[in-house]
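Student: Sending over a structure as structure tokens; questions will come in a sec.
2 protein chains.
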Amino acid sequence: MKITIAQLNFRIGDFEGNLAKMLKAIETAKAEKSDIIVFGELAVCGYPPRDFLEFEDFIIRCENAVSELCKVAHGIAIAVGSPTKNPVIEGKDLFNSAYFLVEGEIHHIANKALLPTYDIFDEYRYFEPAKDFKVVEFKGQKIALTVCEDIWNISNENPLYTICPMDEMMPQQPDLILNLSASPFSYKQAEERLRIVRANVQRYGIPIFYVNHVGAQTELIFDGGSIVMCANGDVYEELPYFEEAIKTYELSKVLSGEGKIGEQPKDKMRLIHDALITGVKDYFGKLGFKKAILGLSGGIDSAVTLVVAARALGAENVRVVLMPSQFSSDHSVDDARILAETLGVEYDIVPIKSIYESFKNSLETQFEGLPFNIAEENLQARSRGMILMAMSNKFGHIVLNTSNKSEAAVGYGTLYGDMCGGLSVIGDLYKMEVFELARYMNKDGEVIPINTIVKPPSAELRPNQKDSDSLPDYEILDEILFQYIENRKGPKELIAMGFEEALVKRTLRMVNINEFKRFQTAPTLRISPKAFGMGRRMPIVAKYLS
Amino acid sequence: MKITIAQLNFRIGDFEGNLAKMLKAIETAKAEKSDIIVFGELAVCGYPPRDFLEFEDFIIRCENAVSELCKVAHGIAIAVGSPTKNPVIEGKDLFNSAYFLVEGEIHHIANKALLPTYDIFDEYRYFEPAKDFKVVEFKGQKIALTVCEDIWNISNENPLYTICPMDEMMPQQPDLILNLSASPFSYKQAEERLRIVRANVQRYGIPIFYVNHVGAQTELIFDGGSIVMCANGDVYEELPYFEEAIKTYELSKVLSGEGKIGEQPKDKMRLIHDALITGVKDYFGKLGFKKAILGLSGGIDSAVTLVVAARALGAENVRVVLMPSQFSSDHSVDDARILAETLGVEYDIVPIKSIYESFKNSLETQFEGLPFNIAEENLQARSRGMILMAMSNKFGHIVLNTSNKSEAAVGYGTLYGDMCGGLSVIGDLYKMEVFELARYMNKDGEVIPINTIVKPPSAELRPNQKDSDSLPDYEILDEILFQYIENRKGPKELIAMGFEEALVKRTLRMVNINEFKRFQTAPTLRISPKAFGMGRRMPIVAKYLS
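Chains as they are written, first to last, in my numbering: chain A, 304 to 849; chain B, 304 to 849.
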């Protein structure tokens, strides 16, 4: 028996496009005389469809797509993810299902039992969990057809669910597991995915064909890395990250391990680098945009953002604006210009002094006699934001936001100013990770000027301003933030870890009182296990650690 | 037996403040010789605590608050909502619980079984559903202690859950129901709440004491309206909306109906008006702010927003800025000025012409030879946004956003321009509802100038511009939007309802492609059953009806 896995990049709600992509993959699989082709979770509509699932019209279009796939399910069985209607009136209206289509008929439907509802996942919002579990019989093989999370409730210290679908199916003696997934990237995910898949084959003693999506859906990036694993826990093959792949396997070889290829290399910075490029490329491509614009300050954040943009979209599709003020140092403008020239990116220089002056003049009466403060600092950042937005409106660019996660965490940024833009590219990288990524980008030769990497970070909104004037050193700040945000450590635990009490309290307070700013930020490409945005939901009005 | 219900306004994560408020209510109840006092759902930490629940430290503080309440549970039993830890390792780590404290001890804990996970609710994100149900025995009464949604799975055409906790408890023959709720306001909610409560007493034949929260938590407004209902379905009393109330009832009288008071009046516009005032008042009060600022254009949206702000915060705490451009009509400035003077609100006039010119001059090279387009329109809106933000930064105001739901739906607004602000006050009111609210505000005499209400809506960003140049008439637009957003009707259903096909497609497309703008909008006070924001989660990058 031959099994094909199709690791594809779908567009949410693009029923025609997704179907066409699947039909082509089926042609390929048929040409290779495959017996089964397997697509990812909710492949017909793309993942995550979010509240589109509440529209009857949307579900009908999913059903229509499955009908079209049924028509070509001749000589090959098709396993494909789609929402289906729950026939029982009590409970949620939908199931998150895996169809198994054989000879023009729906041979079997397996419904997902474990509905991830944490971090960026909202599946119980839409789906009723499955209560019964049956293997599929096909060509003499008994197949455990599972959807994503259904294989994830083993080998965890603190299991999230009270049942384990594979345990339920084992009495039926399945020969192999097919898993249809949509499992988003984080820099830890590829390892974690292999660990869980291996825990399954080792517990159940049968091989698995695990199919993931690839490509970005707004802030979520799917890395692919689909897995074929032998029953002994050896990786038969791990498909590449961040690209589509269609590949056919002979089951007998997977069972014997003959011809196994093994896994992909997993370097954190390379994964992040490639993930961000995928994120930018798909954000633009799937929205039908080509051109990006961003403000280039000479600092590290905009430099790294620009390199990602140029690599994702092509230097010819990226434009940068240098917007010096009276507080900008000469070297900033030079560093920015050098980078733009190195990359071959078009740049404009638009000084903000006259705009800033006209605002100050217009508010002369109101501000009379009052000292320079954050109002004037923000006016500069907002003048820059407005220039970028005006260019974007005039020429059809999307503005890329250049904030990092440390800034976003502590609110060190100006709403509608440097926080503007349609997509936050590096907003899930702490400042120290931004430096690391910059060095990774320079690994084959200096792309980002070394001066941009070594100079002390500064917002340049006041004379001789440095980030360290108002923030703790990033080495320490980032570590506290990581423990608070990623690891959910509270103040007592942080102090017990050795961080200074006053610093812990100040930092946590900054994070919590700045929720209002993050609420209005662009979607942020998620590369960590806990990004700001849909995966971290906090009250704005609250009094906790604030 | 006497039962006290405490309809209180908590602050999320303000453990000391919430506890102090409860201790005071307990004193009151003790003075009235009450046997039981009932607080709302998750009262110790406030509702919704959202991802604070993922912090061990937060849960410990909840437990500490319950311990403090235990200490005063002498001579009176206390029913209070709090998260509790799930002792079983499998499943979610927490329960959403109702404690029943008697004589310094935890007498009983009832866990919530039905975990709302739809619209603005995310409870399965945090909580494991209860599987067993026991009544509490206290002073000869058997009490069905329930948490909010646990009584909501009856009398619905399409029940969301497969079990019904009260059905499970009825074999134990409870004498009454206590329900600890946190049920947010919409203009339909008070009626719906009464319907469900009545369905329960009629099905089970026992009275209910239903306790709700009051006050706003960022975008969610809790209206109170706690209910004591006789076993025959008569309303013994419905507590007032939008104010705290502590009231003690003699159970025997509730059983006989003696002295019943009945329900509150339910006028849609009055409910919305009072809800918005609560929303603004608590947003400011709970954040520790006093002063608001907004741009007053002479149009209906900013006029209605201003009246809400002045009534919520006091005219002395509100400042408005009139920011005319070359496209502003004289009557706009007059209408704005008259309103500010009528309300006694401080106003500034800051023309934007020179700022706008300085932007245009700065971008002269880039924009040379290109026609006036949306870039210039948006520059005006953004100049206004920047002026408001600068004033806010200088004087410590919060900027109020003045967009309505129709605009937010179709993207008829400028990001970082008129879409700026910390809180969207009328962003859940369709344009026609804004007119209706304006007329309601004028019911006892003209507050909002009649000219503001009767003139055709215009953004005034181009000569003689009218909203109707680029949008369908609001009468029709609002109806399509309502059917699409509130009722989730798809294009075919809308066309079948009689709306013109081209108009339907154009409108739905506008809604869907503008998700990116709404993503970056301020939190919006929710007054409808389906508001933009946390209750409506849509992909930004998608191709569905777009």
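Think of the CB as a built atom: it goes at the ideal place given N, C-alpha and C, for glycine as much as any other residue.
Could you check where the alpha helix (DSSP H) with Thr-645 (chain A) kicks off and where it finishes?
Tutor: For the purposes of this step, residue 645 (chain A) is identified with residue 342 of the first sequence, where counting begins at 1. Taken as a continuous stretch (DSSP letters only), the alpha helix (DSSP H) holding Thr-645 (chain A) covers 633-646.
Student: Whose C-alpha, out of A:Leu-463, A:Glu-749, A:Pro-419, A:Thr-521, is nearest the C-alpha of Gly-349 (chain A)?
Tutor: As a working mapping, residue 349 (chain A) is identified with position 46 in the first sequence. Checked all of A:Leu-463, A:Glu-749, A:Pro-419, A:Thr-521; the closest Cα to Gly-349 (chain A) is A:Thr-521.
Student: Just how far apart, CA to CA, sit Ala-413 (chain B) and Ala-401 (chain B)?
Tutor: Position 110 of the second sequence, counted from the first residue, corresponds to residue 413 (chain B). Position 98 of the second sequence, counted from the first residue, corresponds to residue 401 (chain B). Going from the Cα of Ala-413 (chain B) to the Cα of Ala-401 (chain B) covers about 5 angstroms.
Student: Under 8 angstroms between beta-carbons, which chain A residues line up against Pro-462 (chain B)? List them in chain order, please.
Tutor: Along the second sequence, read from residue 1 onward, the residue named residue 462 (chain B) stands at position 159. Under the 8 angstroms cutoff, chain A gives Ile-392, Glu-393, Gly-394.
Student: Does DSSP put Pro-386 (chain B) in a helix, a strand or coil?
Tutor: Position 83 of the second sequence, counting from 1, holds the residue named residue 386 (chain B). Pro-386 (chain B): strand per DSSP, three-state reduction.
Student: So which residues on chain A does Arg-742 (chain B) lean against when the C-beta distance must stay under 8 angstroms?
Tutor: Counted from its first residue, the second sequence places residue 742 (chain B) at position 439. Those do not exist, as Arg-742 (chain B) stays about 31 angstroms from chain A at its closest Cβ, beyond 8 angstroms.
Student: Distance cutoff 9 angstroms, beta carbons only. Does Lys-697 (chain B) sit that close to anything in chain A?
Tutor: Here residue 697 (chain B) refers to the residue found at position 394 when the second sequence is read from its first residue. Yes, its Cβ sits closer than 9 angstroms to a Cβ of chain A.
Student: Hey, Arg-839 (chain B) and Asp-396 (chain A) are a contact pair by Cβ (cut 8 angstroms); roughly how many whole angstroms apart?
Tutor: Within the second sequence, the letter at position 536 stands for residue 839 (chain B). Within the first sequence, the letter at position 93 stands for residue 396 (chain A). Actually they are not in contact, since the Cβ atoms of Arg-839 (chain B) and Asp-396 (chain A) sit about 17 angstroms apart, beyond 8 angstroms.
Student: With distances taken Cα to Cα, identify the nearest neighbour of Asn-620 (chain A) among A:Thr-717, A:Lys-594, A:Asp-637.
Tutor: Here residue 620 (chain A) refers to the residue found at position 317 of the first sequence. Comparing Cα-Cα distances from Asn-620 (chain A) to each of A:Thr-717, A:Lys-594, A:Asp-637, the minimum goes to A:Lys-594.
Student: May I ask you to verify whether the segment 607-621 of chain B touches the segment 725-741 of chain B, counting CB pairs closer than 8 angstroms and requiring at least 3?
Tutor: Yes: the two stretches touch, three or more of their Cβ pairs being nearer than 8 angstroms.
Student: Report the partner residues of Met-532 (chain B) according to the DSSP bridge assignment.
Tutor: Position 229 of the second sequence holds residue 532 (chain B). Answer by DSSP bridge pairing, in chain order: B:Ile-511, B:Val-538.
Student: Can you look up Gln-629 (chain B) in the DSSP assignment and give me helix, strand or coil?
Tutor: Taking the second sequence and counting its residues from 1, one reaches residue 629 (chain B) at position 326. For Gln-629 (chain B), the secondary structure class from DSSP, reduced to helix, strand or coil, is coil.
Student: With DSSP run on the structure shown, which of helix, strand or coil describes Pro-842 (chain B)?
Tutor: Numbered from 1 along the second sequence, position 539 holds the residue referred to as residue 842 (chain B). It is coil, neither helix nor strand.
Student: What does a CB cutoff of less than 8 angstroms around Arg-573 (chain A) pick up in its chain, not counting 5 residues either side in sequence?
Tutor: As a first step, residue 573 (chain A) is located in the first sequence; it is residue number 270 there, counting from the start. The residues are Tyr-743.
Student: What's the C-alpha gap between Lys-491 (chain B) and Tyr-421 (chain B)?
Tutor: Here the question's residue 491 (chain B) lines up with position 188 in the second sequence. Here the question's residue 421 (chain B) lines up with position 118 in the second sequence. For the pair Lys-491 (chain B) and Tyr-421 (chain B), the Cα-to-Cα distance works out to about 17 angstroms.
Student: Let me check you understand the geometry: is the CB of Pro-766 (chain B) closer than 8 angstroms to at least one non-hydrogen atom of the ligand FMN?
Tutor: The model depicted lacks the ligand FMN and carries no ligand whatsoever.
Student: Can you give me the start and stop residues for the beta strand (DSSP E) that Gly-880 (chain A) sits inside?
Tutor: Since the displayed chain A opens at 304 and closes at 849, residue 880 (chain A) lies outside it and no answer follows.
Student: Can you round the beta-carbon distance between Asp-526 (chain B) and Phe-488 (chain B) to whole angstroms, since I take them to be within the 8 angstroms contact cut?
Tutor: If you number the second sequence from 1, residue 526 (chain B) lands on position 223. If you number the second sequence from 1, residue 488 (chain B) lands on position 185. The pair is a contact, with the Cβ atoms about 4 angstroms apart (cut-off 8 angstroms).
Student: Hey, is Val-417 (chain A)'s beta-carbon within less than 9 angstroms of any beta-carbon in chain B?
Tutor: The count along the first sequence starts at 1 and reaches residue 417 (chain A) at position 114. A quick correction: the sequence has Leu, not Val, at residue 417 (chain A). Not one chain B Cβ lies under 9 angstroms of Leu-417 (chain A).
Student: Taking the alpha helix (DSSP H) that Gln-786 (chain A) falls in, what are its first and last residues?
Tutor: The residue labelled residue 786 (chain A) in the question sits at position 483 within the first sequence. Gln-786 (chain A) -> alpha helix (DSSP H) spans 777-788.
Student: Give the straight-line distance between the Cα atoms of Gly-591 (chain B) and Asp-585 (chain B), rounded to the nearest whole angstrom.
Tutor: Along the second sequence, read from residue 1 onward, the residue named residue 591 (chain B) stands at position 288. Along the second sequence, read from residue 1 onward, the residue named residue 585 (chain B) stands at position 282. C-alpha separation (whole angstroms): 9 angstroms.
Student: So, helix, strand or coil for Val-391 (chain A), using DSSP?
Tutor: What you label residue 391 (chain A) is simply residue 88 of the first sequence in a count that begins at 1. In the structure shown, Val-391 (chain A) sits in coil (DSSP, three-state: anything other than H, G, I, E or B).
Student: Among residues of its own chain, excluding the 5 on either side of Gln-768 (chain B), which ones have a beta-carbon nearer than 8 angstroms to its beta-carbon?
Tutor: On the second sequence, residue 768 (chain B) is found 465 positions in, with the first residue counted as 1. Leaving aside the five residues that flank Gln-768 (chain B) on each side, the residues in its chain whose CB is nearer than 8 angstroms to its CB run, in chain order, Phe-630, Ser-761, Ala-762.
Student: Alpha carbon to alpha carbon, what distance is there between Phe-698 (chain B) and Leu-682 (chain A)?
Tutor: Counting from 1 along the first sequence, the entry for residue 682 (chain A) is found at position 379. Counting from 1 along the second sequence, the entry for residue 698 (chain B) is found at position 395. Each residue's alpha carbon lies about 14 angstroms from the other.
Student: DSSP three-state call for Tyr-490 (chain B): helix, strand or coil?
Tutor: Here the question's residue 490 (chain B) lines up with position 187 in the second sequence. Correct three-state label for Tyr-490 (chain B): coil.
Student: What's the call for Lys-734 (chain B), buried or exposed, on a 16-neighbour Cβ count within 10 Å?
Tutor: Sequence index remark: in the second sequence, residue 734 (chain B) carries index 431 (1-based). That one is buried.
Student: Please identify the residue among B:Ile-392, B:Ile-524, B:Ile-423, B:Pro-826 whose C-alpha is closest to the C-alpha of Glu-460 (chain A).
Tutor: Reading the first sequence from its first residue, position 157 is the one you call residue 460 (chain A). Measuring from the Cα of Glu-460 (chain A), the nearest candidate turns out to be B:Ile-392.
Student: In whole angstroms, what separates the C-alpha of Cys-373 (chain B) from that of Val-450 (chain B)?
Tutor: As a position in the second sequence, residue 373 (chain B) is number 70, starting the count at 1. As a position in the second sequence, residue 450 (chain B) is number 147, starting the count at 1. Looking at the two C-alpha atoms, the distance is approximately 19 angstroms.
Student: Using CA coordinates, which residue listed in A:Lys-445, A:Leu-463, A:Cys-467 is at the minimum distance from Phe-479 (chain A)?
Tutor: One-based indexing of the first sequence puts residue 479 (chain A) at position 176. The amino acid occupying residue 479 (chain A) in the given sequence is Leu; Phe does not appear at that position. It is A:Lys-445.
Student: For the segment 699-706 of chain B against the segment 794-802 of chain B, do three or more pairs of beta-carbon atoms, one drawn from each stretch, fall closer than 8 angstroms, so that the two count as touching?
Tutor: Not touching, per the Cβ criterion.
Student: Between which residues of its own chain and Leu-599 (chain B) is the CB-CB distance below 8 angstroms, once the five residues before and five after are set aside?
Tutor: As a working note, residue 599 (chain B) is residue 296 in the second sequence. Cβ within range, chain order: Ser-605, Ala-606, Leu-609, Val-623, Val-624, Leu-625, Ala-639, Leu-642, Ala-643, Tyr-650.
Student: Cβ of Ile-850 (chain B) less than 9 angstroms from any chain A Cβ?
Tutor: Residue 850 (chain B) cannot be examined here, being either before or after the span of chain B that is shown, 304 to 849.
Student: Compare the C-beta of Asn-664 (chain A) against all C-beta atoms of chain B and say whether one is closer than 9 angstroms.
Tutor: In the first sequence, the residue the question calls residue 664 (chain A) occupies position 361. Judged by the 9 angstroms Cβ criterion, Asn-664 (chain A) is in contact with chain B.
Student: Tell me, please, whether the CB atom of Cys-856 (chain B) is closer than 9 angstroms to any CB atom in chain A?
Tutor: A query on residue 856 (chain B) cannot be resolved here, the shown segment of chain B reaching from 304 to 849 and no further.
Student: Could you pull out every residue in the same chain whose Cβ sits closer than 7 angstroms to the Cβ of Phe-802 (chain B), ignoring the five residues on either side in sequence?
Tutor: Numbered from 1 along the second sequence, position 499 holds the residue referred to as residue 802 (chain B). For Phe-802 (chain B), where only same-chain residues beyond five positions count, the Cβ hits under 7 angstroms are Ile-783.
Student: Between Glu-357 (chain B) and chain A, is any beta-carbon pair separated by less than 9 angstroms?
Tutor: Here residue 357 (chain B) is taken as the residue at index 54 of the second sequence, counted from 1. At least one chain A Cβ lies under 9 angstroms of Glu-357 (chain B).
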